[in-house]
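Participant:
Number of protein chains: 2
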Amino acid sequence: MSYDPLPPVLAVRAFESVSRHLSFTKAGDELGKTQAAVSYQIKVLEDRLGFPVFVRKARKIELTDKGMNLASKVIGAFSDLRSAFAEIREENDTQLVIGCNATFASRWLAARLFDFQIANPDLAIRIIPTDNKDQYSRGDRDITISGCYDPPSDNVLHSLIPADFTPMLHPSLAESIGGINEPADLLKLPIIDPADHWWPLWFAKAGLPDPDFANWPSSRMGSQGLEASRAIAGKGVAILTPFFYRTELESGQLIQPFDIVENDPGMAWHLSYPPENRSSRKVRLFRDWIFAELRKDGLDLPQVGDKAA
Amino acid sequence: MSYDPLPPVLAVRAFESVSRHLSFTKAGDELGKTQAAVSYQIKVLEDRLGFPVFVRKARKIELTDKGMNLASKVIGAFSDLRSAFAEIREENDTQLVIGCNATFASRWLAARLFDFQIANPDLAIRIIPTDNKDQYSRGDRDITISGCYDPPSDNVLHSLIPADFTPMLHPSLAESIGGINEPADLLKLPIIDPADHWWPLWFAKAGLPDPDFANWPSSRMGSQGLEASRAIAGKGVAILTPFFYRTELESGQLIQPFDIVENDPGMAWHLSYPPENRSSRKVRLFRDWIFAELRKDGLDLPQVGDKAA
DNA sequence: ATCATGCATAAGGGAGACTTATGCATGAGT
DNA sequence: ACTCATGCATAAGTCTCCCTTATGCATGAT
Numbered sequence: 000m001s002y003d004p005l006p007p008v009l010a011v012r013a014f015e016s017v018s019r020h021l022s023f024t025k026a027g028d029e030l031g032k033t034q035a036a037v038s039y040q041i042k043v044l045e046d047r048l049g050f051p052v053f054v055r056k057a058r059k060i061e062l063t064d065k066g067m068n069l070a071s072k073v074i075g076a077f078s079d080l081r082s083a084f085a086e087i088r089e090e091n092d093t094q095l096v097i098g099c100n101a102t103f104a105s106r107w108l109a110a111r112l113f114d115f116q117i118a119n120p121d122l123a124i125r126i127i128p129t130d131n132k133d134q135y136s137r138g139d140r141d142i143t144i145s146g147c148y149d150p151p152s153d154n155v156l157h158s159l160i161p162a163d164f165t166p167m168l169h170p171s172l173a174e175s176i177g178g179i180n181e182p183a184d185l186l187k188l189p190i191i192d193p194a195d196h197w198w199p200l201w202f203a204k205a206g207l208p209d210p211d212f213a214n215w216p217s218s219r220m221g222s223q224g225l226e227a228s229r230a231i232a233g234k235g236v237a238i239l240t241p242f243f244y245r246t247e248l249e250s251g252q253l254i255q256p257f258d259i260v261e262n263d264p265g266m267a268w269h270l271s272y273p274p275e276n277r278s279s280r281k282v283r284l285f286r287d288w289i290f291a292e293l294r295k296d297g298l299d300l301p302q303v304g305d306k307a308a
Numbered sequence: 000m001s002y003d004p005l006p007p008v009l010a011v012r013a014f015e016s017v018s019r020h021l022s023f024t025k026a027g028d029e030l031g032k033t034q035a036a037v038s039y040q041i042k043v044l045e046d047r048l049g050f051p052v053f054v055r056k057a058r059k060i061e062l063t064d065k066g067m068n069l070a071s072k073v074i075g076a077f078s079d080l081r082s083a084f085a086e087i088r089e090e091n092d093t094q095l096v097i098g099c100n101a102t103f104a105s106r107w108l109a110a111r112l113f114d115f116q117i118a119n120p121d122l123a124i125r126i127i128p129t130d131n132k133d134q135y136s137r138g139d140r141d142i143t144i145s146g147c148y149d150p151p152s153d154n155v156l157h158s159l160i161p162a163d164f165t166p167m168l169h170p171s172l173a174e175s176i177g178g179i180n181e182p183a184d185l186l187k188l189p190i191i192d193p194a195d196h197w198w199p200l201w202f203a204k205a206g207l208p209d210p211d212f213a214n215w216p217s218s219r220m221g222s223q224g225l226e227a228s229r230a231i232a233g234k235g236v237a238i239l240t241p242f243f244y245r246t247e248l249e250s251g252q253l254i255q256p257f258d259i260v261e262n263d264p265g266m267a268w269h270l271s272y273p274p275e276n277r278s279s280r281k282v283r284l285f286r287d288w289i290f291a292e293l294r295k296d297g298l299d300l301p302q303v304g305d306k307a308a
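These protein sequence lines are chains F and U, in that order. Numbering that gives the first Met the number 0 puts the first residue of the first sequence at 0, with every later residue one more than the last. Numbering that gives the first Met the number 0 puts the first residue of the second sequence at 0, with every later residue one more than the last.
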């Protein structure tokens, strides 16, 4: 005998609209339905309640006492619902959450994000650091920048920066062994994270046999920045992506002894977002901006279109 | 570009339930749907919103930040809705509104309603006077008692009291002409509302020709009580329904000079209510009570069943 | 008196809500 | 470690019931 206290929601929705307009026809317009549909829903509601909520008069309807009682509360509740969804939409439209891995964030994004902020003062930007495991935009962020091997295929992907790498070190360290003249000279110096599998790849390209480093613990991914810090401090030779160390190279904090640059074809830095965000203004703005910025940096990126991979 | 701020209500409803249970399956149970149906509705919502509201984890789901934000408000709004409908149901269940015409109310109901009230202390009873034009229960009342000619066929009808009538007057008035011995004697006295069409009917039954009263203005229906007052005051002869004047006849305030009682076949006092009220507890209680009371008064009423006419 | 407005209702169609069935991922249990 | 149980996602198909179309009716306006 105890049933759901809530009548069918579609009927409640119809009632809410009708009780505001005091017209089935106008409510139908508002709801994108016909007058007959509204009439039907109100009948459903009244049948369920067991009493009429409107008095049908000639050319107009009026709320019954009980209908009036209900209407004020139902209208209020729907008003709350509308505010809730309007608010969340507003928040969603104006808050851009960028998931970004540490290297890209510190080596590139941080210095330029301010420009984007200035160009788009209506957007509130939040960066959340992501390790390279969860590169998916999973509801906690709108867009993700990651450097990883297994790009998620269910997200829209834009490759940004290829995973190029080459050894780098502080000039004083090079001088300490009388300068670096050939690749093999590097082996005279401490190797920062010798477990990094980029090393054998680069030595191979440089024409040297696999140096076969001891199995040191590796902390490669996501910590290129840490390796760089040690190199800048003169603690050893790191294998880094030159794109991210242009300023250090220019200022002389790091030197790149060889033009030999190898590429890791399985990896890249890329930008990704769920397909439904394609039409999102804030995501488009950010995507287009980052592409433009990277082109200024001399990267050859495909014209931005939805299909860009 | 501006769309309805409110996502499809069915999706909102599903979201509300899921966010309370944090389970699609449980929400499905609550809504009387399958888990798949809920999953579908949540997808509809998320597609519409453009962002996920739940994070799907292994054997559970969690609200995203935005989902959390929404949930609190949506749950609140639905709680308001539920209260509103629960309250109105409560009010509807415990308040019995009786529309009653003046004659029946004053001549019969008033004296006995107290008993019903005592027998049903959980019901709050309200009597609203109705003229005999709007005998329909139109949302402002649960049940109607009226004396009229055109019983509304779309309502459930119970005949209560036949429209019997016979002349009545104060004994002093009768004595003023030396007593009433035959129907024609009445014509020597003032006739209260001679336009009342009951007069010719009664005189016909009494075997007299149509007295052919002048065309006095009539205020018959609904004012039998007023006519009676004038008769009791000795101002004339009224044609009344004896059932309603038993006490006056017993106490001698009125006398009924003849046993000749005519009946108006087109009219009766009856009780009516919309068909959907058949299953209403309060309406059944009142209907059964009034039938029982009238039987005590010696009326031969059909056994109460839904079909009783 | 005629027309316009607004709701009710019947009949019918169709959209989309729902079910069934299945897969997959993960955590629990042994 | 292997198996089982749980819970959500998804595809396909069904069917409900919501909605539209068409019409009627009552009433107020012109």
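Beta carbons: idealized from backbone N, C-alpha and C, even for Gly. Quantities reported herein were computed from a predicted structural model and do not represent experimental measurements.
Following the continuous beta strand (DSSP E) through Glu61 (chain F), name the residue where it begins and the one where it ends.
Facilitator: Locating residue 61 (chain F) in the first sequence gives position 62, counting from the first residue. Glu61 (chain F) -> beta strand (DSSP E) spans 59-62.
Participant: Quick test of your reading: Lys281 (chain U) and Asp139 (chain U), contact by CB under 8 Å. State the CB separation rounded to the nearest angstrom.
Facilitator: The sequence position of residue 281 (chain U) within the second sequence is 282, counting from 1. The sequence position of residue 139 (chain U) within the second sequence is 140, counting from 1. Beta-carbon to beta-carbon, Lys281 (chain U) and Asp139 (chain U) are separated by about 15 Å, too far to satisfy the 8 Å threshold.
Participant: Compare the C-beta of Asp192 (chain F) against all C-beta atoms of chain U and say whether one is closer than 8 Å.
Facilitator: On the first sequence, residue 192 (chain F) is found 193 positions in, with the first residue counted as 1. No, Asp192 (chain F) does not count as interfacial toward chain U.
Participant: With three or more beta-carbon pairs closer than 8 Å as the criterion, would you say the segment 107-124 of chain F touches the segment 252-259 of chain F?
Facilitator: no
Participant: DSSP state of Gln252 (chain F), grouped into three classes?
Facilitator: In the first sequence, the residue the question calls residue 252 (chain F) occupies position 253. Reduced to three states, the DSSP call for Gln252 (chain F) is coil.
Participant: How would you write the range of the beta strand (DSSP E) that His157 (chain U) sits in, first residue to last?
Facilitator: Numbered from its first residue, the second sequence carries residue 157 (chain U) at position 158. 155-167 is the extent of the beta strand (DSSP E) around His157 (chain U).
Participant: Find out if the Cβ-Cβ distance for the pair Phe50 (chain U), Ile41 (chain U) is shorter than 8 Å.
Facilitator: Locating residue 50 (chain U) in the second sequence gives position 51, where the first residue counts as 1. Locating residue 41 (chain U) in the second sequence gives position 42, where the first residue counts as 1. In this structure, the beta-carbon distance from Phe50 (chain U) to Ile41 (chain U) does not fall below 8 Å.
Participant: Output the distance between the C-alpha atoms of Asp258 (chain F) and Ser171 (chain F), rounded to the nearest integer angstrom.
Facilitator: As a position in the first sequence, residue 258 (chain F) is number 259, starting the count at 1. As a position in the first sequence, residue 171 (chain F) is number 172, starting the count at 1. Going from the Cα of Asp258 (chain F) to the Cα of Ser171 (chain F) covers about 19 Å.
Participant: Considering His269 (chain U), what are the terminal residues of the beta strand (DSSP E) in which it resides?
Facilitator: The count along the second sequence starts at 1 and reaches residue 269 (chain U) at position 270. First-last of the beta strand (DSSP E) with His269 (chain U): 261-272.
Participant: Closest by CA to Ala83 (chain F), which one among U:Ile289, U:Tyr272, U:Lys65, U:Arg81?
Facilitator: One-based indexing of the first sequence puts residue 83 (chain F) at position 84. Checking every option, the nearest Cα to that of Ala83 (chain F) belongs to U:Lys65.
Participant: Hey, could you find the ends of the alpha helix (DSSP H) Ala312 (chain U) is sitting in?
Facilitator: Within the shown structure, residues of chain U are numbered from 0 to 308, placing residue 312 (chain U) beyond reach of any answer.
Participant: What in chain F is Cβ-close to Asn91 (chain U), meaning under 8 Å?
Facilitator: Walking along the second sequence from the start, residue 91 (chain U) turns up at place 92. By Cβ distance, chain F contributes Leu48, Gly49, Phe50, Lys65.
Participant: Determine the extent of the alpha helix (DSSP H) in which Ile231 (chain F) is found, giving its start and end residues.
Facilitator: The residue given as residue 231 (chain F) occupies position 232 in the first sequence. 223-231 is the extent of the alpha helix (DSSP H) around Ile231 (chain F).
Participant: Based on DSSP bridge pairs, tell me the residues matched to Gly98 (chain F).
Facilitator: In the first sequence, counting from the first residue as 1, residue 98 (chain F) sits at position 99. In DSSP, Gly98 (chain F) forms a bridge with F:Ile127, F:Thr143.
Participant: State whether the segment 225-242 of chain U contacts the segment 178-193 of chain U, with contact taken as three or more CB pairs (one from each stretch) at a distance under 8 Å.
Facilitator: yes
Participant: So which of F:Ser71, F:Phe23, F:Cys99, F:Gln94 has the shortest CA-CA distance to Lys56 (chain F)?
Facilitator: One-based indexing of the first sequence puts residue 56 (chain F) at position 57. For the residues F:Ser71, F:Phe23, F:Cys99, F:Gln94, the minimum Cα distance to Lys56 (chain F) belongs to F:Phe23.
Participant: Check this for me: beta carbons of Ala13 (chain U) and Leu30 (chain U), under 8 Å apart or not?
Facilitator: Numbered from its first residue, the second sequence carries residue 13 (chain U) at position 14. Numbered from its first residue, the second sequence carries residue 30 (chain U) at position 31. Going by C-beta atoms, Ala13 (chain U) is nearer than 8 Å to Leu30 (chain U).
Participant: What is the rounded straight-line gap between the Cα of Asp184 (chain F) and the Cα of Gly177 (chain F)?
Facilitator: For the purposes of this step, residue 184 (chain F) is identified with residue 185 of the first sequence, where counting begins at 1. For the purposes of this step, residue 177 (chain F) is identified with residue 178 of the first sequence, where counting begins at 1. Cα-Cα distance, rounded: 10 Å.
Participant: By the 7 Å beta-carbon criterion, what residues does the segment 271-288 of chain F contribute toward chain U?
Facilitator: Glu275, Ser279
Participant: Along chain U, in chain order, which residues have C-beta atoms closer than 8 Å to that of Ala76 (chain F)?
Facilitator: For the purposes of this step, residue 76 (chain F) is taken as the residue at position 77 of the first sequence. Per Cβ cutoff of 8 Å: Ala76, Phe77, Asp79, Leu80, Ala83.
Participant: Would you kindly work out how many angstroms separate the C-alpha atoms of Ala35 (chain F) and Ile127 (chain F), rounded to a whole number?
Facilitator: One-based indexing of the first sequence puts residue 35 (chain F) at position 36. One-based indexing of the first sequence puts residue 127 (chain F) at position 128. For Ala35 (chain F) and Ile127 (chain F), the distance between alpha carbons rounds to 51 Å.
Participant: Assuming contact is defined by CB atoms lying nearer than 8 Å, are Asn154 (chain U) and Thr129 (chain U) in contact in what I supplied?
Facilitator: Your numbering for residue 154 (chain U) matches position 155 in the second sequence. Your numbering for residue 129 (chain U) matches position 130 in the second sequence. No, the pair does not count as a contact, with Cβ atoms beyond the cut-off.
Participant: Quick one: grab the DSSP three-state call for Ala313 (chain F).
Facilitator: Nothing about residue 313 (chain F) can be reported from this structure: the residues present for chain F run from 0 to 308 only.
Participant: Flag this pair as yes or no: are the beta carbons of Leu80 (chain F) and Val43 (chain U) separated by less than 8 Å?
Facilitator: As a working note, residue 80 (chain F) is residue 81 in the first sequence. As a working note, residue 43 (chain U) is residue 44 in the second sequence. Their beta carbons are not under 8 Å apart, which means Leu80 (chain F) does not touch Val43 (chain U) by this criterion.
Participant: Would you say Ile144 (chain F) and Phe103 (chain F) are within 8 Å of each other, going by their C-beta atoms?
Facilitator: Position 145 of the first sequence, counting from 1, holds the residue named residue 144 (chain F). Position 104 of the first sequence, counting from 1, holds the residue named residue 103 (chain F). Taking 8 Å as the Cβ cut-off, Ile144 (chain F) and Phe103 (chain F) qualify as a contacting pair.
Participant: Does the distance from the CB of Ser271 (chain U) to the CB of Leu156 (chain U) come in under 8 Å?
Facilitator: As a working mapping, residue 271 (chain U) is identified with position 272 in the second sequence. As a working mapping, residue 156 (chain U) is identified with position 157 in the second sequence. The answer is yes: Cβ separation under 8 Å.
Participant: Pick helix, strand or coil for Val236 (chain U), following the three-state DSSP scheme.
Facilitator: What you label residue 236 (chain U) is simply residue 237 of the second sequence in a count that begins at 1. Note: Val236 (chain U) maps to strand in three-state DSSP.
Participant: Is Lys56 (chain F) helix, strand or coil when you go by DSSP?
Facilitator: As a working note, residue 56 (chain F) is residue 57 in the first sequence. In this structure, Lys56 (chain F) counts as strand in the three-state DSSP scheme.
Participant: Cα separation between Phe164 (chain F) and Gly224 (chain F)?
Facilitator: For this step, residue 164 (chain F) is matched to residue 165 along the first sequence. For this step, residue 224 (chain F) is matched to residue 225 along the first sequence. Cα to Cα, Phe164 (chain F) sits roughly 13 Å from Gly224 (chain F).
Participant: Classify Arg277 (chain F): buried if its beta carbon has 16 or more other beta carbons within 10 angstroms, exposed otherwise.
Facilitator: Against the first sequence, residue 277 (chain F) aligns to sequence position 278. Its Cβ having fewer than 16 others within 10 Å, Arg277 (chain F) is exposed.
Participant: Using a Cβ cut-off of 8 Å (strictly closer), state whether Pro128 (chain F) contacts chain U.
Facilitator: Here residue 128 (chain F) refers to the residue found at position 129 of the first sequence. Chain U contact via Cβ: absent.
Participant: Going by CA-CA distance only, name the one from F:Thr33, F:Asp46, F:Met67 that's closest to Leu21 (chain F).
Facilitator: Translated into the one-based positions of the first sequence, residue 21 (chain F) becomes position 22. Minimum Cα distance to Leu21 (chain F) is reached at F:Met67.
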